[in-house]
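Peer 1: Pasting a structure below so you can have a look.
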Amino acid sequence: MTYRFQAKEQCFVCVHSAAVYRRSSEVVDCFKMSLSPNQIILEHYLTGWRGLIKFIDSLGKLFGFISSDALKKVEILVRFRNGDNGSEYTTVQSMVQFELQNELVDVNKTGIYPESGCRTLLRLHRALKWLELFLDRLRTSTEDSKTSVMCTEAYNASLAQHHPWLVKKAALGAFRFLPQRSEFFKIMNVGPPEKVVAVLGEAVVLISEVYRITEELYVKHNLLDLP
Ligand SMILES: CCCCCCCCCCCCC/C=C/[C@@H](O)[C@H](COP(=O)(O)O)NC(=O)CCCCCCCCCCCCCCC
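Here the sequence shown is numbered in the numbering used here, starting from 685 and rising by one per residue.
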């Protein structure tokens, strides 16, 4: 995906990954590069997330509470990557292994490590399921389909079950102000609708693969319900 804020995006991306900057600023590429092939490389995963956050930001202030929460989580993980144990945060797999072995995760109780890498990434992981479902609806939609309806359906089928009432209410309220499908396609800025649909198809495959690998890892270590 390239966006109309491509120039800015490239600067943004290059701070975190020269490789991403040289190749392109496309968010899809970041998720593609994060697959290695059965591990998730955190650097590219997080750069992909920064691109998504830029996209939400371009939709206006109304969606600021969503992007700022996602950004906060990305920044927590970036801090771990830049910290003393940064090398342990190369992949999602190494992060999980390191935090579990060193008992840095609140598995049974809350309050000691409220911002562990594992629980923070879990929130982004759950949001990726929403993204997969939403993009798939967008891909198969027709000209008169409503983005707000697609977004709401995808949300109710995924993230909503993890959100308290107030967050759900705010999210569902904001969805009503999403741009129409044609405007959405323009913001994606990848060309005519057929091209957008092709890019969406590629994005859905990649995102579902990233999701699948992370989900399997979290199931294996019983981490899907981290508080
Ligand atoms: C396209 C419009 C954007 C629609 C976004 C749909 C998801 C709605 C999520 C609403 C989150 C509200 C903010 C607060 C959330 C937190 O409570 C909650 C739990 O965190 P906690 O356990 O630390 O308290 N946080 C979360 O679940 C993480 C939410 C992350 C949301 C990221 C949304 C990504 C959106 C990417 C849009 C890209 C569209 C691309 C189209 C081509």
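C-beta: ideal position from N, C-alpha, C; glycine also.
1. Check residue 743 in the structure and name its three-state DSSP category.
2. Assign residue 843 to one of three DSSP states: helix, strand, or coil.
3. Do you know how far the Cα of residue 823 is from the Cα of residue 885?
4. Note down, in chain order, each residue of its chain lying with its Cβ closer than 8 Å to the Cβ of residue 895, except the 5 sequence neighbours on either side.
5. Excluding sequence positions up to five away, which residues of its chain have a Cβ less than 6 Å from the Cβ of residue 779?
6. Using the DSSP secondary-structure output, state which residues sit across from residue 737 in a beta bridge.
7. What does DSSP give as the partner residues of residue 719 in its beta bridges?
8. Just how far apart, CA to CA, sit residue 864 and residue 831?
9. How far does the alpha helix (DSSP H) with residue 749 in it reach, from first residue to last?
10. What do you get for residue 898, buried or exposed, if any count of 16 or more other CB atoms within 10 angstroms of its CB means buried?
11. According to DSSP, is residue 774 part of a helix, a strand, or is it coil?
12. Note down the Cα distance separating residue 867 from residue 906, rounded to an integer number of angstroms.
13. Do three or more CB pairs link the region 782-796 to the region 845-862 at distances below 8 Å?
14. Would you call the region 734-742 and the region 833-851 in contact, with 3 or more CB pairs under 8 Å?
15. Taking all protein chains shown into account, decide if residue 901 is buried (16 or more other Cβ within 10 angstroms of its Cβ) or exposed.
Peer 2: With the given structure in hand:
1. coil
2. helix
3. 7 Å
4. 809, 812, 813, 816
5. 773, 801
6. For residue 737, which the question treats as bridged, DSSP gives no partner whatsoever.
7. 724
8. 6 Å
9. 748-766
10. buried
11. coil
12. 41 Å
13. no
14. no
15. buried
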